[in-house]
Structure formats: C-alpha cells, structure tokens
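Report on the following structure.
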Amino acid sequence: MSNTVDMARLMSKQLPRHLMAFLVGSGVQGANNGFQVYLVGGMVRDVLLNRRPGDPDLLVQETVPTMDAAERFAIMLAGTLGGSVSAPSQFGTVKLDVDGLVVDIATARRETYESPGALPSVRPATIEGDQYRRDFTVNAIAVDLAPNRFGTILDHAGGVEDIEHRVLAVLHDKSFQDDPTRCFRAARYMPRLGLHMSMVTETDLRRSVGAVAELSADRVRHEMERMLAEPAPEQALAHAEDFGLLNAVLPGLSWSPAMTRAAPAIRDAGPLGCLALLATHLSKEDAAKFAERINAPAQWASVIEDTVTVRERLHELSDEGLTSARVYSILGGMASEAVRAWAVLTEEEVTAGRLRDYYERLRHVHPALNGDDLLALGVPEGPFVGELLRELLIARLNGAVSSRGDEESLVQRRLSA
Ligand code: ATP
Ligand code: MG
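First residue of the sequence shown? That's 47 in this note's numbering, and the numbers climb one at a time after it.
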C-alpha cells in the first residue's frame with residue numbers, strides 16, 4: 047500500500063511553498079552534516095488525509111545514536127537557514143523557530159515506562175524503534191527527507207493502510223497503560239480526523255481507563271486544554287464521556303448530550319465555554335475537587351466555581367417582576383462563561399432570558415460619573431461617595447437615569463436632601 051503513495055508529489059501539492067522549501071532544505075543540510083532527517087507525526091498524517099496540516103515534527107538520527115542529535119541538528123540548521131533554537135526538553139526535543147514557522151525536532155528514541163502514567167525513561171534508537179513508541183499507527187509514519195530518497199515512506203506499523211480505512215489503532219496492547227494521555231488523544235483525533243477505533247484498540251482503551259487516575263494534575267489539565275482547544279470540543283468530550291475518561295478524572299464528572307447540543311451556541315466564548323458546560327453538573331464539593339485534580343489556573347478555577355454558584359442562584363432569576371438591578375446583583379462578578387453556559391442550557395424561558403440580558407447588556411452598564419466627578423460636584427470624601435456610585439449604577443440599570451446630566455441632577459438632589 048504505502049509504496050503506491052507518491053508522497054513527494056502529495057507534499058508539494060498540499061504544503062505551502064515556504065514549508066516545502068524548509069523540508070527540502072532540512073533534508074539537504076542533514077545529508078551534508080551526517081544526519082538522517084524524517085518528517086513524522088501529524089503533518090504526514092494530515093497530508094495523507096488531505097487535511098490542512100499543523101506545524102511540522104522532524105525526527106533525526108545519526109549513524110552512532112546519541113540523545114542530543116536533535117539539538118545539534120537544530121543549531122546547525124538555524125546557522126544555515128536562520129532562526130532560533132529553544133533549550134532542549136527533558137527528552138532532548140527542541141523547537142526551532144524559522145520566521146514564525148515552529149518546528150519540533152526530536153532525536154529518534156525508545157521509551158521505557160516504569161509504571162502506568164509515569165513519564166518514560168528514554169534512550170537513543172533507530173527510526174524503526176522510534177516509530178514503536180508512538181501513540182497510533184496513523185501518527186507513526188515517517189517520510190525520508192534525504193535528497194536522494196525524498197518522499198520515501200517508512201511505515202512499519204501499517205499507518206498508511208489505516209489512514210485509507212480511517213482506522214485509529216495503537217501499536218501494541220500496553221500502549222494506553224504505558225501512557226494514559228493517549229486515551230485523551232484518541233478522543234480528540236476520532237472526531238477531528240473522522241476516524242473510528244479498531245475493536246482491539248477500543249478494548250485496550252476501555253481496559254486501561256483506570257490508569258488515568260495515576261496521571262499528574264498538570265498532565266490531566268494539559269489533555270483537558272487540548273480537548274477544549276479542538277475545533278469541535280463537544281465531540282472530543284462526548285468520546286471522553288463514552289470511554290469513561292471523565293469519570294476517571296473525577297468520579298461524577300460527565301458530559302451529556304444536552305451539553306453537546308448547547309456547545310456550538312457558545313463556541314465564540316472560546317475553550318472556557320465548554321469548561322463551564324462541563325462544570326454545570328458538579329456539586330460545590332466536586333467543583334473544588336475538579337479544580338484541584340487539574341491544578342486549575344485562577345481563571346479556570348473561577349469559571350468552574352462560578353458555574354456552580356450561578357446554578358444555585360437560578361431559581362432567584364425565575365421570579366417574575368425582577369428589576370434589572372436585582373438581576374445584576376444576583377449575577378454581578380460571575381465569570382461570563384458561567385453565565386453563558388447556563389443561558390444556553392436553561393430551558394425555562396424567563397431565567398434564560400435574564401441570563402442573556404445580563405451577559406449581553408447589564409454587565410456592561412456603568413454610571414457616567416466616577417468618584418472624582420462626585421467630589422467635583424461637592425460630595426464630601428468618605429463612604430458617601432461609594433454609596434452614591436452604587437445608587438447611580440442601580441438607577442442606570444433600572445433606567446431611572448440615562449445620561450450624564452440625569453446623573454448630575456440625581457447627585458444634586460441627594461446633596462440638597
Ligand atoms: P496535532 O494535529 O494534534 O498537533 P500531532 O500528531 O502533530 O497532532 P503532537 O502532539 O504534535 O500531535 O505530537 C507529534 C507526534 O508525536 C504525534 O503524531 C505522535 O507520533 C507523537 N506523540 C505525541 N504525543 C504522544 C504520546 N503521548 N504517546 C506517543 N506518541 C506521541
Ligand atoms: Mg503536531
């Protein structure tokens with residue numbers, strides 16, 4: 047199968063010219079300096095799937111394997127093509143930035159996992175050995191960039207055939223156990239790439255889900271971030287739910303069909319919109335546990351906590367005859383994603399309307415006058431300034447004042463009272 051694919055032609059047809067020039071240049075410079083250079087990972091897969099690729103991943107190997115080949119190759123390449131090289135990661139990978147093109151460069155390596163969920167220990171290896179450590183066959187295809195072999199495919203795991211059949215499959219039955227983050231990667235790739243999982247792989251995955259509990263908080267958060275950053279995060283989350291991954295992150299964490307239906311309406315809220323939807327089912331205690339389990343940064347933690355707080359206040363919003371100022375005081379200060387998540391999920395029309403009104407209009411309302419303006423109008427310094435500002439805000443919200451002049455008259459009345 048793989049030898050029937052004219053990869054060089056596909057690449058030159060699908061990749062932007064500057065990217066193609068970079069890949070050809072990398073192969074030439076590699077050959078001149080004793081490195082074998084391969085294009086690997088997502089870009090190879092995306093070219094074969096005829097999809098717009100992300101940034102390239104390169105793999106390098108020397109005749110005598112060492113762990114720092116990637117770094118030395120990147121420095122050499124930066125010297126000839128221009129660009130800057132990051133410090134190497136703990137696995138010896140580096141990032142090369144050439145005019146905004148960010149290239150991940152790795153030394154061919156093998157990995158050994160001491161225990162499920164732990165980071166691996168690594169040692170240099172051949173390209174074939176490196177392919178074996180990869181997550182899925184479709185991501186384990188390497189393309190030789192050497193000038194005399196440019197475009198030759200190395201596909202020991204059968205990834206090209208799996209791409210043709212749209213199959214997502216692991217390379218060996220310990221894969222998910224070794225690295226449970228691959229379970230989350232599967233949930234992302236299936237909807238994005240339109241792949242279905244082989245039965246054997248699905249059985250392995252479902253058997254390994256418990257190992258997610260061994261992952262560190264930062265690794266779980268990173269996987270959540272990547273799911274939420276997908277073009278359709280709700281579909282990745284629906285797979286994560288189906289696999290039992292969310293429940294493995296935190297018992298009780300779940301994603302429902304109603305959330306899937308609601309998600310597109312808050313797509314423009316960004317990744318935190320779906321995070322809020324995910325938190326709508328949680329109790330107060332579980333929300334705190336969830337934030338802790340993923341070592342949530344402050345903004346994430348507020349979105350999670352506020353989503354639960356807004357739920358507790360929903361019944362107040364359904365009260366007929368509520369003033370805008372009252373709606374403001376119920377929802378004021380809540381993360382906007384929390385308000386929006388409930389606005390799209392709530393079926394009760396009055397409540398949903400108030401949530402929308404707060405999000406679209408009320409939260410932007412401010413008095414025209416500020417503290418300095420009040421002092422200039424003769425208001426004495428002290429707590430009265432704050433009281434008057436609050437009164438002005440309430441008058442604005444309820445429509446009792448609508449201009450700077452109205453506000454000044456209100457202040458004058460209060461001063462002469
Ligand atoms: P994306 O389009 O999401 O960027 P990608 O395939 O380029 O997809 P990266 O996370 O950039 O994904 O990783 C590059 C390559 O490194 C992958 O294609 C895969 O071969 C390998 N890889 C990344 N993470 C893992 C992992 N946890 N286990 C095994 N291999 C991995
Ligand atoms: Mg990538």
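Glycine included, C-beta positions come from ideal geometry on N, C-alpha and C.
Distance between beta carbons of W346 and L321, contact taken as under 8 Å:
6 Å between Cβ atoms; contact.
According to DSSP, which residues form a beta bridge with V373?
Bridge pairing for V373: absent [DSSP].
Given this structure, state the Cα-to-Cα distance separating V295 from E366, to the nearest angstrom.
Answer to the nearest angstrom: the Cα atoms are 40 Å apart.
Going along the chain, which unbroken runs of the beta strand (DSSP E) with 3 or more residues stay wholly within the stretch 75–116?
You should have 82–86 and 103–107.
Along the chain, where does the beta strand (DSSP E) containing L142 start, and where does it finish?
Start and end: V140 to V144.
For M57 and T50, the rounded distance between their alpha carbons:
Counting only the Cα atoms, M57 lies some 15 Å from T50.
Give the straight-line distance between the Cα atoms of F81 and F119, rounded to the nearest whole angstrom.
Each residue's alpha carbon lies about 7 Å from the other.
Please say whether L360 and T392 have beta carbons closer to each other than 9 Å?
Taking 9 Å as the Cβ cut-off, T392 and L360 qualify as a contacting pair.
Cβ-Cβ distance between L401 and L443 below 9 Å:
No.
Does the beta-carbon of M305 have 16 or more other beta-carbons within 10 angstroms, so that it is buried, or is it exposed?
Counting the other Cβ atoms within 10 Å of the Cβ of M305 gives 16 or more, which makes it buried.
Within 10 angstroms of the Cβ of K59, are there 16 or more other Cβ atoms? Answer buried if so, exposed if not.
Residue burial annotation: K59 is exposed, with fewer than 16 other C-beta atoms found within 10 angstroms of its C-beta.
Beta-carbon proximity of L323 to I312, cut-off 9 Å:
Against a cut-off of 9 Å, the Cβ pair of I312 and L323 comes out as a contact.
Sheet register partners of L323 (DSSP bridge)
Answer by DSSP bridge pairing: none, since L323 is not bridged.
Leaving out five residues before and five after N416 in sequence, what residues of the same chain have Cβ atoms less than 8 Å from its Cβ?
Closer than 8 Å at the Cβ level, and outside the excluded window around N416, lie L435.
Ignore the nearest five residues each way along the sequence and tell me which others in P279's own chain have a CB closer than 8 Å to its CB.
M273, A309, P317 and C320, listed in sequence order.
Can you have a look at Q458 and say buried or exposed, based on whether 16 or more other CB atoms are within 10 angstroms of its CB?
Exposed, because fewer than 16 other Cβ atoms sit within 10 Å of the Cβ of Q458.
Measuring straight from C-alpha to C-alpha, what distance separates S161 and R265?
The straight-line gap from Cα to Cα measures roughly 15 Å.
To the nearest angstrom, how far is the alpha carbon of D101 from that of T139?
About 15 Å.
Inter-residue Cα distance where the pair is K141 and L363
When the Cα atoms are used, K141 and L363 turn out to be separated by approximately 51 Å.
Of all residues in the structure, which have a C-beta closer than 6 Å to any heavy atom of the ligand MG, taken in chain order?
Taking a cut-off of 6 Å from the heavy atoms of the ligand MG, the residues with a C-beta inside it are G87, G88, G100, D101 and D103.
Am I right that V189 and V90 are in contact with their C-beta atoms under 8 Å? What's the rounded C-beta distance?
Right, the Cβ-Cβ distance comes to about 5 Å (below 8 Å), so this counts as a contact.
State yes or no: is the C-beta of E433 within less than 9 Å of the C-beta of L456?
The answer is no: Cβ separation not under 9 Å.
Quick one, which of D143, I209 and R180 has its alpha-carbon nearest T158's?
Distance check between T158 and each of D143, I209 and R180 places R180 closest, using alpha-carbon atoms only.
Can you tell me the Cβ-Cβ gap for R238 and P297, rounded? I've got them flagged as a contact below 8 Å.
With a Cβ gap of about 28 Å, R238 and P297 do not count as contacting.
Does the Cβ of G129 have 16 or more other Cβ atoms within 10 Å, making it buried, or fewer, making it exposed?
G129 is buried by the Cβ-count criterion.
Starting from L147 and walking both ways along the beta strand (DSSP E), at which residues does that stretch end?
Residues L147 to T153.
Taking R267 as the reference, which of T109, S462, V106 and R231 has the closest Cα?
Per the Cα distances, R231.
What would DSSP say about M243, mapped onto helix, strand or coil?
Annotated three-state conformation of M243 is strand, per DSSP.
Once you ignore the five residues that flank F222 on each side, which residues in its own chain have a CB closer than 6 Å to its CB?
Closer than 6 Å at Cβ, skipping near neighbours: R228, C229, D250, L251 and S254.
Pull the bridge partners of I209 from the DSSP assignment, please.
None, per the DSSP bridge assignment.
Looking at C-beta atoms only, is the number of pairs between the stretch 195–205 and the stretch 172–187 that lie closer than 8 Å three or more?
A contact exists between the stretch 195–205 and the stretch 172–187.
Cβ-heavy atom distance, N185 to the ligand ATP, below 8 Å
Yes, the Cβ of N185 comes within 8 Å of a heavy atom of the ligand ATP.
Residue range of the unbroken alpha helix (DSSP H) whose run includes A304
Annotation: the continuous alpha helix (DSSP H) that includes A304 extends over P303 to A308.
With a CB to CB cut of under 6 Å and the five nearest residues on each side skipped, what residues in its chain are close to G205?
In chain order, T183, V184, A186 and I187 place their CB closer than 6 Å to the CB of G205, counting only its own chain and leaving out the 5 sequence neighbours on each side.
Going along the chain, which residues of its own chain have a beta-carbon closer than 6 Å to the beta-carbon of A152, five neighbours each way excluded?
Correct list, in chain order: L105, A116 and T139.
Distance check for V216 and D293, CA to CA, integer angstroms please.
With the sequence shown as reference, residue 293 is identified as Asn, and Asp is not the correct amino acid for it. CA-to-CA, the gap between N293 and V216 works out to about 22 Å.
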